[in-house]
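Top line first, the protein sequences correspond to chains Y and A. Numbering follows UniProt numbering, with no gaps: position 464 of the first sequence is 464. Numbering follows UniProt numbering, with no gaps: position 53 of the second sequence is 53. Below you'll find the structure, written out as structure tokens, and then a few comments.
2 protein chains.
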Amino acid sequence: MNAVPSSLQQQTEQLSESVTRPIPGSRKIFVEGSRPDLRVAMREITQTQTPTIFGGEENPPITVYDPSGPYTDPDARIDLSAGLPALRARWIEERGDTEQLGQLSSQFGRGRETNAKLDTVRFPGRVLPRRAKAGANVSQMHYARRGIITPEMEYVAIRENQRLEAVRDTLLLKQHGGESFGASIQTLITPEFVRDEIARGRAILPNNINHPESEPMIIGRNFLTKINANIGNSAVSSGIAEEVEKLVWSIRWGGDTVMDLSTGKHIHETREWIIRNSPVPIGTVPIYQALEKVDGRAEELTWEIFRDTLIEQAEQGVDYFTIHAGVLLRYVPLTAKRVTGIVSRGGSILAKWCLAHHKENFLYTHFEDICEIMKAYDVAFSLGDGLRPGCIADANDAAQFGELETLGELTRIAWKHDVQTMIEGPGHVPMQLVKENMDKQLRECGEAPFYTLGPLTTDIAPGYDHITSAIGAAMIGWYGTAMLCYVTPKEHLGLPNREDVRDGIMAYKIAAHAADLAKGHPGAQVRDNALSKARFEFRWEDQFHLGLDPEKAKDFHDETLPKDAHKVAHFCSMCGPHFCSMKITQDVRDYAAEHGVDESQALQEGMAEKSAEFLAQGAEVYRPG
Amino acid sequence: MNAVPSSLQQQTEQLSESVTRPIPGSRKIFVEGSRPDLRVAMREITQTQTPTIFGGEENPPITVYDPSGPYTDPDARIDLSAGLPALRARWIEERGDTEQLGQLSSQFGRGRETNAKLDTVRFPGRVLPRRAKAGANVSQMHYARRGIITPEMEYVAIRENQRLEAVRDTLLLKQHGGESFGASIQTLITPEFVRDEIARGRAILPNNINHPESEPMIIGRNFLTKINANIGNSAVSSGIAEEVEKLVWSIRWGGDTVMDLSTGKHIHETREWIIRNSPVPIGTVPIYQALEKVDGRAEELTWEIFRDTLIEQAEQGVDYFTIHAGVLLRYVPLTAKRVTGIVSRGGSILAKWCLAHHKENFLYTHFEDICEIMKAYDVAFSLGDGLRPGCIADANDAAQFGELETLGELTRIAWKHDVQTMIEGPGHVPMQLVKENMDKQLRECGEAPFYTLGPLTTDIAPGYDHITSAIGAAMIGWYGTAMLCYVTPKEHLGLPNREDVRDGIMAYKIAAHAADLAKGHPGAQVRDNALSKARFEFRWEDQFHLGLDPEKAKDFHDETLPKDAHKVAHFCSMCGPHFCSMKITQDVRDYAAEHGVDESQALQEGMAEKSAEFLAQGAEVYRPG
């Protein structure tokens, strides 16, 4: 173990303070499963009572899905240099099909461990990794197919239900019928359903055995729509503490997984810090690092270098790998007439390799070798869309769809090995072409989870691509995409800072939730209903707390009406005290309630007498008492 | 004429400077029509040459729709106290069916003119208004139905075409087939088509004869999708100069019309300043002002007070009025069981009035009287959705759809009077219920233009409702909505400031443009294609200039790579100099081009020989020369 580098330690200590304050109005709760070490973290938003004049009833707390991990738990002690507790370590060990290694298996990894120059940036407390015993397959898909419900699966089932039973008999459950386009939406998620979905390949539970710190989550179209946030420095900018901060910031606001797209000379060490401190699955694109190992010369990439990189990262605990194995030689020239050619970094690296060697993509030819690695650590495939369109003009073309068909072929191979697999999707697609992508993906890839970047529905708004893409993301989420990869306002322009990450996450939480509502996911509307009721009743604080970003909502409100008194005022800032539609509406409601006017009566009865009464009472909303 | 109040003058002079700088990379152009005083303003975005290594070709300037008026024209002298030039005055006079009045017709208006206390806030140079001669109907719909193509209609036709002929033979016109859901999309907009659409009621050209400063524009689903920005102070905040600034700011970024929702004691004077300085149509909700005239007591509203308000505002030059004539007595109790009751201010005022008097809504009973006023000034109806849902739970309910059916009935009455009419729509609607709104509106209202607020697709994101609603707006725009009313991030929380207005406008420009692309509007993809080509060729400045917000795009870029040199650098800031997918893509393209590998050949020919050549040349992108 190394001594913790002091400057880095200082930075991470500061970080702990700034991003770990509890979310206003919320508390962390744990729902216990079938064993005492299975405690599913959720966030409970407390609500105040309805004001007396509106009826005075109690409002139940609302439970929401919470990927923020221990960071938002005031009872947890955060020490980034120690990493998070290894929540799943015992479950993994109990299965008895893995062993702790005596040394790192990758040549590169071993080199980094012994390089004294890296002492100042190395994560201090890493234990040696585990690997499947010879011949074993430790993937959740493998267990699922053998009928085993793992603690991870049970955790996920409890988590997905969001304690809906707590509001089961309330009006909060009122919800419109959804349109799920053939998804298999459940009213209650059972561990058996989780197992079955994983076994069928319709969902993945990404959790490398070397990332025992992760809280299990599931990606599949019959579950809540998830979002991914990308972080990662580039050669030009950013450091380790900054990236860890972006991780914590991402999950605070609702990122379900995080992809570390770092490049640069400390890529290995940055990743270690991130994984050790991440309660969510971490994805990477191993070809980025492999390319750095050959000094950026794509044509010098070899299977051996790539293989060592996969093992290096698998032993660090990466939960899913983007693998661009569908970029086939024959598809590459199909991109030559595009407006923006190949825009995926991974895709263009492999295209260059294919052209330079006039050989088939080595990720494709070695795909079964890759499967062997994946199942030894339970790393999931995220089959990369290296030929995704980079602009509206290039959407849904032969290159893109050719690759998608190959990804379907690869999915079947991965499934033969019981390796969990999801499929990456575009990119830039105008609205009228979005559904074709989803339908083709479901068909070609046997309903394996789709994981899309956006898509951006127009190219004309650099600086606002979180919005151009949230539109496409909401739609494709509705149509069946399981996880939405966020886009920040800086897309195409630069590297996102903390506020950009927040904006990107928020846009995507909105898209994912709008999709869940539209699909008719059970209980999806509870939070909308609770927030709307709070809004109607001028419970300002509750409205803030129930929102995706309580702090922003409060700040915006306070810009117009900064006094605390206004947060319980019975009017809202848009209309002023005299001119409030909600005030008048309450009038209508009181009237209908008091006078027994229900929907059918009102249409039949004369109301003249009631009108006279109303005027006699002063035609005002707030009568004393 | 009053002396210009000095403090207000000073404020408006400052305003002129801050919001009237030209938009970077653009210049104002004018396309002349059939007469020399018919000069249609457009914005032309200049482009630089493609870098030599990518081919070195010239890139044509791109013309875009431009509602910003003279403010972005460096040749125009802006004096807010004088107002804008009366562009349409001669056209109106030439028709010979109007007369200038000797005094204001509204009692309230006359009272304001003679009140010395208002000297410090009154717009100085107002001339007396015009009105139709006795028995005349001066609406564009009336002219259209008599077969007359007005200069306004010709202006609109030229404007809608965006000088597409300038790029007619270029690849920029490449576009995906659209899905217009039965709209009648034209490849070229002719003045006759404009006339016909107005005559059929499928489009409106809102332009009060007392707002001759306005540049004609059209709202209809067979034209470009438009957006509206709301401005307006409330009793709590905001002043005249601030509101005029919001107007100029709104149109700078692309607002096609502006609704002035001001309340408070200087509502009349604020409106005058806004109209005199607005090149876009101005809409209002007259019931707001009428309510102020009865000190906020809805039950004291009378037809006479409302009528005087309509005339007061019509003579100021308001181009369209929101009239909540569909809030019928029998619909009101249908809202009692809603989660958020009636959230439209206008709707709730009228609901209260109906209940208090047990009488039918006086806007409904006096609807033909209102039509008489509308046609004397050519004010268009925006039939208000007073019973729109205020939350997801209340979407598409009996109250909302009952009102919509009544709006259909009223549309037919308005059309009987040749009064231009559009229909306001919801509100809050989850994605799966959006299309039902559009389909029902088209059916009930005979294809009269739909003008929707959002809709918001979830309630859980206060502080981000520009995004929750841009999703719904893009979808409903695709389905056929003609104009999208923007929502700012401050919705539900407070009054928007200048940056909120910008964010709201941008979100809605995106939604409207995404809708145009999806419908397959001719030429809609030109700007996307041009921007994407610029992006691919690392023409950073062109990319900024072609975007909706060049200043924001440049600022974001400069945060990561602030040096000017980087704006012509052949790599982008996300990937760093060594690791750029576009660089590699160019390689593929060069390769395919040089070696004659087209799509079919590539699949047939062996490529080993080419591969060897490529390696021999160094496998690098940028060969000298």
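Ideal Cβ placement from N, Cα and C applies to all residues, glycine included.
(request) Tell me, please, whether the region 133-148 of chain Y touches the region 493-502 of chain Y by the rule of three or more beta-carbon pairs shorter than 8 Å. (result) no
(request) State the DSSP-derived secondary structure class of Asn115 (chain Y), mapped to helix, strand or coil. (result) In the first sequence, counting from the first residue as 1, residue 115 (chain Y) sits at position 115. Asn115 (chain Y) falls in the coil class under three-state DSSP.
(message) Rounding to the nearest angstrom, what Cα-Cα distance links Val429 (chain A) and Ile476 (chain A) in this structure?
(response) Counting from 1 along the second sequence, the entry for residue 429 (chain A) is found at position 429. Counting from 1 along the second sequence, the entry for residue 476 (chain A) is found at position 476. Roughly 10 Å between the two C-alpha positions.
(request) Mind listing, in chain order, the continuous alpha helix (DSSP H) runs of no fewer than 4 residues lying wholly within the region 457-493 of chain A? (result) 465-479
(message) Within 10 Å of its beta-carbon, does Gln175 (chain A) have 16 or more other beta-carbons around it, so buried, or fewer, so exposed?
(response) Your numbering for residue 175 (chain A) matches position 175 in the second sequence. Buried.
(request) Scan the region 328-362 of chain Y and note each continuous alpha helix (DSSP H) run of 4 residues or more that stays entirely inside, going in chain order. (result) 345-357
(request) Note down, in chain order, all residues in the region 172-183 of chain Y with a beta-carbon under 7 Å from any beta-carbon belonging to chain A. (result) Lys174, His176, Gly178 and Glu179
(message) Quick check: is the beta carbon of Gly547 (chain Y) nearer than 9 Å to any beta carbon in chain A?
(response) Taking the first sequence and counting its residues from 1, one reaches residue 547 (chain Y) at position 547. By this cut-off, Gly547 (chain Y) is an interface position.
(request) Could you name the residues of chain Y that Ala134 (chain A) contacts, counting a contact when the two beta carbons are closer than 9 Å? (result) Position 134 of the second sequence holds residue 134 (chain A). What Ala134 (chain A) touches in chain Y: nothing, since even the nearest Cβ is about 38 Å away.
(request) At 7 Å on the CB atoms, spell out the chain A contacts of Ala474 (chain Y), in chain order. (result) The residue given as residue 474 (chain Y) occupies position 474 in the first sequence. The answer, in chain order, is Met431, Thr457 and Ile471.
(message) Quick check: is the beta carbon of Thr20 (chain Y) nearer than 9 Å to any beta carbon in chain A?
(response) Residue numbering aside, residue 20 (chain Y) sits at position 20 when the first sequence is read from its first letter. For Thr20 (chain Y), the answer is no, since every Cβ of chain A falls outside 9 Å of its Cβ.
(request) Return the CA-CA distance between Ala395 (chain A) and Gly55 (chain Y), expressed in angstroms with no decimal places. (result) Counted from its first residue, the second sequence places residue 395 (chain A) at position 395. Counted from its first residue, the first sequence places residue 55 (chain Y) at position 55. Straight-line Cα distance between these residues: approximately 24 Å.
(request) Kindly indicate which three-state DSSP category Thr64 (chain Y) falls into: helix, strand or coil? (result) Here residue 64 (chain Y) refers to the residue found at position 64 when the first sequence is read from its first residue. Reading the sequence as shown, one finds Val at residue 64 (chain Y) and not Thr. Note: Val64 (chain Y) maps to strand in three-state DSSP.
(request) Report all residues from its chain with a CB closer than 8 Å to the CB of Arg252 (chain Y); omit the five preceding and five following residues, and keep chain order. (result) Taking the first residue of the first sequence as 1, we reach residue 252 (chain Y) at position 252. So the qualifying residues of the chain are Val19, Ile23, Ser68, Tyr71 and Thr72.
(request) Please list, in chain order, all residues of the same chain as Leu172 (chain A) whose beta carbon is under 7 Å from its beta carbon, the five residues on each side excluded. (result) Within the second sequence, numbered from 1, the residue matching residue 172 (chain A) stands at position 172. Cβ within range, chain order: Val526, Asn529 and Ala530.
(request) Would you mind stating whether Thr257 (chain Y) and Asp308 (chain Y) have Cβ atoms separated by less than 9 Å? (result) Here residue 257 (chain Y) corresponds to residue number 257 of the first sequence, with the count starting at 1. Here residue 308 (chain Y) corresponds to residue number 308 of the first sequence, with the count starting at 1. No; because the gap between Cβ atoms is not below 9 Å, this pair is not in contact.
(message) Quick check on DSSP: helix, strand or coil for Leu546 (chain A)?
(response) In the second sequence, residue 546 (chain A) corresponds to position 546, counting from 1. Three-state result, Leu546 (chain A): helix.
(message) I'd like to know if Thr270 (chain Y) contacts chain A, where contact means its C-beta is closer than 9 Å to some C-beta of that chain.
(response) Mapped onto the first sequence, residue 270 (chain Y) falls at position 270. No, Thr270 (chain Y) lies away from the interface with chain A (no Cβ there is under 9 Å from its Cβ).
(message) Just to check my reading of the structure: Asn361 (chain A) and Leu328 (chain A) have Cβ atoms closer than 8 Å, yes? What is that Cβ distance to the nearest angstrom?
(response) Taking the second sequence and counting its residues from 1, the one referred to as residue 361 (chain A) is at position 361. Taking the second sequence and counting its residues from 1, the one referred to as residue 328 (chain A) is at position 328. With a Cβ gap of about 6 Å, Asn361 (chain A) and Leu328 (chain A) count as contacting.
(request) Would you kindly report the start and end of the unbroken beta strand (DSSP E) that includes residue 669 (chain A)? (result) A question about residue 669 (chain A) goes unanswered here, because the residues of chain A that appear run from 1 up to 625.
(message) Let me confirm a value: Lys133 (chain Y) is counted as buried when at least 16 other C-beta atoms fall within 10 Å, else exposed. Which label applies?
(response) Your numbering for residue 133 (chain Y) matches position 133 in the first sequence. Looking at its Cβ environment, which holds fewer than 16 other Cβ atoms inside 10 Å, Lys133 (chain Y) is exposed.
(message) Beta carbons nearer than 9 Å to chain Y: which residues of the region 384-396 of chain A have them?
(response) Gly390, Cys391, Ile392, Ala393, Asp394, Ala395 and Asn396
(message) Give me the chain Y residues within the contact set of Phe556 (chain A), using Cβ-Cβ distance strictly less than 8 Å, ordered along the chain.
(response) Numbered from its first residue, the second sequence carries residue 556 (chain A) at position 556. Result: Pro462, Gly463, Pro489, Lys490, Leu493 and Gly494.
(message) Does the distance between the C-beta of Ile45 (chain A) and the nearest non-hydrogen atom of the ligand ADP fall short of 8 Å?
(response) The ligand ADP is not part of this structure, which contains no ligands at all.
(message) Going by DSSP, what residue range makes up the beta strand (DSSP E) through Arg131 (chain Y)?
(response) In the first sequence, counting from the first residue as 1, residue 131 (chain Y) sits at position 131. Looking at the DSSP string, the run of the beta strand (DSSP E) that includes Arg131 (chain Y) is Arg130 to Ala132.
(message) Using a Cβ-Cβ distance cut-off of 9 Å, determine whether Asp528 (chain Y) contacts chain A.
(response) Translated into the one-based positions of the first sequence, residue 528 (chain Y) becomes position 528. Yes, Asp528 (chain Y) counts as interfacial toward chain A.
(request) Within the same chain, show all residues whose beta-carbon is closer than 8 Å to that of Ala356 (chain A), passing over the 5 residues directly before and after it, in chain order. (result) Within the second sequence, residue 356 (chain A) is the residue found at index 356, counting from 1. Correct list, in chain order: Ala298 and Glu299.
(request) Measure from the C-beta of Trp249 (chain A) to each C-beta in chain Y and report whether the shortest distance is under 9 Å. (result) Numbered from 1 along the second sequence, position 249 holds the residue referred to as residue 249 (chain A). It does not; no Cβ of chain Y falls within 9 Å.
(message) Which residues does DSSP list as the beta-bridge partners of His428 (chain Y)?
(response) As a first step, residue 428 (chain Y) must be located in the first sequence, where it is residue number 428. DSSP lists Y:Leu456 as partners of His428 (chain Y).
(request) Alpha carbon to alpha carbon, how far is Leu546 (chain Y) from Leu350 (chain A)? Give it in angstroms, no decimals. (result) Stepping through the second sequence from its first residue, residue 350 (chain A) is reached at position 350. Stepping through the first sequence from its first residue, residue 546 (chain Y) is reached at position 546. Rounded to the nearest angstrom, the two C-alpha atoms are 31 Å apart.
(message) Is there a Cβ of chain A sitting closer than 9 Å to that of Val236 (chain Y), yes or no?
(response) Looking up residue 236 (chain Y) in the first sequence gives position 236. Any answer about Val236 (chain Y) is weak, because its pLDDT of 43 lies below 50 and its placement is not dependable; what the coordinates show is given next. Yes - at least one Cβ of chain A is within 9 Å of the one on Val236 (chain Y).
(request) Closer than 9 Å, Cβ to Cβ, to anything on chain A: give me those residues from the region 337-348 of chain Y, in chain order. (result) Lys337, Arg338, Val339, Thr340, Gly341, Ile342, Val343, Ser344, Arg345, Gly346, Gly347 and Ser348
(message) Suppose contacts are defined by Cβ-Cβ distances below 9 Å. Is Glu165 (chain A) in contact with Ile218 (chain A) by that definition?
(response) Working through the second sequence from its first residue, we reach residue 165 (chain A) at position 165. Working through the second sequence from its first residue, we reach residue 218 (chain A) at position 218. Result no, Cβ atoms of Glu165 (chain A) and Ile218 (chain A) do not sit closer than 9 Å.
(request) Could you tell me the boundaries of the beta strand (DSSP E) in which Lys28 (chain A) lies? (result) Your numbering for residue 28 (chain A) matches position 28 in the second sequence. Its beta strand (DSSP E) spans residues Ser26 to Glu32.
(message) I'd like to know whether the C-beta atoms of Pro449 (chain Y) and Asn437 (chain Y) end up nearer to each other than 9 Å.
(response) Here residue 449 (chain Y) corresponds to residue number 449 of the first sequence, with the count starting at 1. Here residue 437 (chain Y) corresponds to residue number 437 of the first sequence, with the count starting at 1. No, Cβ-Cβ distance for Pro449 (chain Y) and Asn437 (chain Y) is not below 9 Å.
(message) Given a cut-off of 9 Å on the beta-carbon distance, is the pair Ile413 (chain Y) and Ile227 (chain Y) in contact?
(response) Within the first sequence, numbered from 1, the residue matching residue 413 (chain Y) stands at position 413. Within the first sequence, numbered from 1, the residue matching residue 227 (chain Y) stands at position 227. Going by C-beta atoms, Ile413 (chain Y) is not nearer than 9 Å to Ile227 (chain Y).
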